[in-house]
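Residue numbering for the sequence shown follows this note's numbering, starting at 4 and increasing by one per position.
Okay, structure first, notes after.
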Amino acid sequence: MRIDVLTIFPEYLEPMRHALLGKAIEDGHLTVHVHNFRDWATDTHQSVDGRPAGGGPGMVLKPEVVGAALDDVATLREGTQLGTAAPHRSVPRHDDLTPAEFTGYEAAPEARPLLIIPTPSGKPFTQEDAQAFSAEEHVVFACGRYEGIDQRVIDDAATRYRVREVSIGDYVLIGGEVAVLVMVEAFARLIPGVLGNSESHLQDSFSDGLLEGPCYTKPRQWRGREIPEVLLSGDHGRIERYRRDQALLKTQLVRPELLDAVELSAQDKFVLYARPVRTRLNVEMSLRDWSRLEPRVAKKLKKAGYLAEAIQAAEQDNACTPDNMFGAGNTVLNVVVEGTSALPLEEATSVVVRALGQPAQWYGTTVEAI
């Protein structure tokens, strides 16, 4: 991948030469070229900005500067270097004077480089964007400053780029350089070979739509706090489930809106929404039938999404209530189930009834336990 960055302050991009990105450059996974907009300025003072049309505070980057820079960078490919911008300092470009004669470059739209313009008014940058950008061959960033870039430059750039205006958050920076660093770090690490462990990014936050849960390393105990036992168990199935659960809970706490786009399993829903519940039922059932059903009730409830912690059944004395709905002489059991479930209360009651073999007569309800 080739990355070109156009900016007024090239020194801002120096961090890209260090750490993992620097190693990726050394290893040939990507090349980074930083260009100064002032090299395309046409006056002796190398001016790059002008006052906003219509008045107002701040300054706007000039179209004849930014546009010329984008023209030159658009035609670059891996292995080529930008020569000189000197011609732009003396005479205007032909398309500045007679725009009708310029119809764009011959490359098909899908073959054009990707131009990213960092701006707080752009579309929010996501992990999905990072994944898509990591597959690009040539990415160009145009960093705005002051009030931004003349809109005509952005509109015109679509003749030779695939243009994306991108925001890294609902706040305003002094310029686009910091946003470039953020985005490059996000997508460059997804380029095969950049990370030492090719699977490292698979458990990142947002890789499955969720925030990443907590992580730990040795020592096992530190200041009285221990690594969760499950992570040291060696049981990969339990570890995977634990990490999924922690990611769900972290997302629910910090970014609950993300859960709307996540496909949740029954176990996921249990982790997120389970709360203590208590079901009380009066059931027409003999003690003999109960003895036969009891060993399987908890298992059936768990399979249906009701984790029973205690199940009790006792024969109800109907001697003093001959007018009860079950009729005199019938055996009635008072069944109490206590546990946790994410099911709606009415559905939780139905689950218990089914686990008891769907008795002909019963009444009762489920409530949230305090």
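Even for Gly, the Cβ is constructed at its ideal location relative to N, Cα and C.
message = Am I right that Gly-367 and Thr-352 are in contact with their C-beta atoms under 8 Å? What's the rounded C-beta distance?
response = Indeed, because the Cβ distance is near 7 Å, the residues count as touching under 8 Å.
key: Beta bridge counterpart(s) of Gly-342 as assigned by DSSP   = In the DSSP output, where bridge partners are listed per residue, Gly-342 has Val-280, Ala-311.
query = Along the chain, where does the beta strand (DSSP E) that runs through Arg-165 open and close?
reply = Here the beta strand (DSSP E) through Arg-165 covers 165 to 170.
query = Can you name the start and end residues of the alpha helix (DSSP H) that Thr-34 belongs to?
reply = Run containing Thr-34: none in the alpha helix (DSSP H); it sits in the beta strand (DSSP E), 34 to 39.
query = In whole angstroms, what is the alpha-carbon distance linking Tyr-309 and Leu-346?
reply = So the alpha carbons of these two residues sit roughly 7 Å apart.
message = Between which residues of its own chain and Arg-283 is the CB-CB distance below 6 Å, once the five residues before and five after are set aside?
response = Hits under 6 Å: Val-339, Gly-367.
inquiry  = Taking only three categories from DSSP, how would you classify Leu-252?
reply    = The answer is helix: DSSP assigns Leu-252 an H, G or I state.
key: Alpha carbon of Leu-100 to alpha carbon of Ala-71, nearest angstrom   = Legend: pLDDT at Leu-100 = 42, less than 50; position of this residue unreliable, value from coordinates given subsequently. Looking at the two C-alpha atoms, the distance is approximately 13 Å.
ask   = Quick one: what's got a C-beta closer than 7 Å to Asn-333's C-beta in the same chain, skipping five residues either side?
value = Cβ contact annotation for Asn-333 (same chain, cutoff 7 Å, sequence separation greater than five): Glu-287, in chain order.
task = Tell me whether Leu-290 is buried or exposed, calling it buried when 16 or more other Cβ atoms sit within 10 Å of its Cβ.
result = A residue is called buried when at least 16 other Cβ atoms come within 10 angstroms of its Cβ; Leu-290 does not meet this threshold and is exposed.
ask   = Can you give the beta carbon distance from Phe-190 to Val-8, rounded, assuming they're within the 8 Å contact cut?
value = About 14 Å separates the beta carbon of Phe-190 from that of Val-8, a gap too long to meet the 8 Å contact definition.
request  = Label Trp-225 either buried or exposed according to how many other C-beta atoms from any shown protein chain fall within 10 Å of its C-beta, with 16 as the threshold for buried.
outcome  = The residue is exposed, with fewer than 16 neighbouring Cβ atoms inside 10 Å.
message = For Pro-116, count the other beta carbons within 10 Å of its own beta carbon; 16 or more makes it buried, fewer makes it exposed. Which is it?
response = Burial of Pro-116 is indicated by the presence of at least 16 other C-beta atoms within 10 angstroms of its C-beta.
inquiry  = Just to confirm the assignment, what range does the beta strand (DSSP E) spanning Lys-126 have?
reply    = That run of the beta strand (DSSP E) goes 117 to 127.
Identified DSSP bridge partners for Leu-64 = Beta-bridge pairing links Leu-64 to Asp-52, Ile-152.
query = Roughly how many angstroms lie between the CA atoms of Pro-222 and Ile-230, to the nearest whole one?
reply = Straight-line Cα distance between these residues: approximately 8 Å.
ask   = So which of Ile-242, Ala-114, Val-63 has the shortest CA-CA distance to Asp-153?
value = The candidate whose alpha carbon is nearest that of Asp-153 is Val-63.
query = Can you tell me whether DSSP reads Tyr-366 as helix, strand or coil?
reply = Correct three-state label for Tyr-366: strand.
message = What does the alpha-carbon distance come out to for the pair Ala-77 and Tyr-15?
response = A straight-line Cα-Cα distance of about 22 Å links Ala-77 and Tyr-15.
query = Run through DSSP, which three-state label would Thr-106 get?
reply = Low local confidence applies: a pLDDT of 44 at Thr-106 is under 50, so the model's placement there is unreliable, with the coordinate-based value given in what follows. It is coil, neither helix nor strand.
task = Please classify Lys-306: is it buried, with 16 or more other beta-carbons within 10 angstroms of its beta-carbon, or exposed?
result = In the assembly as shown, Lys-306 is an exposed residue. Its beta-carbon has fewer than 16 other beta-carbons within 10 Å.
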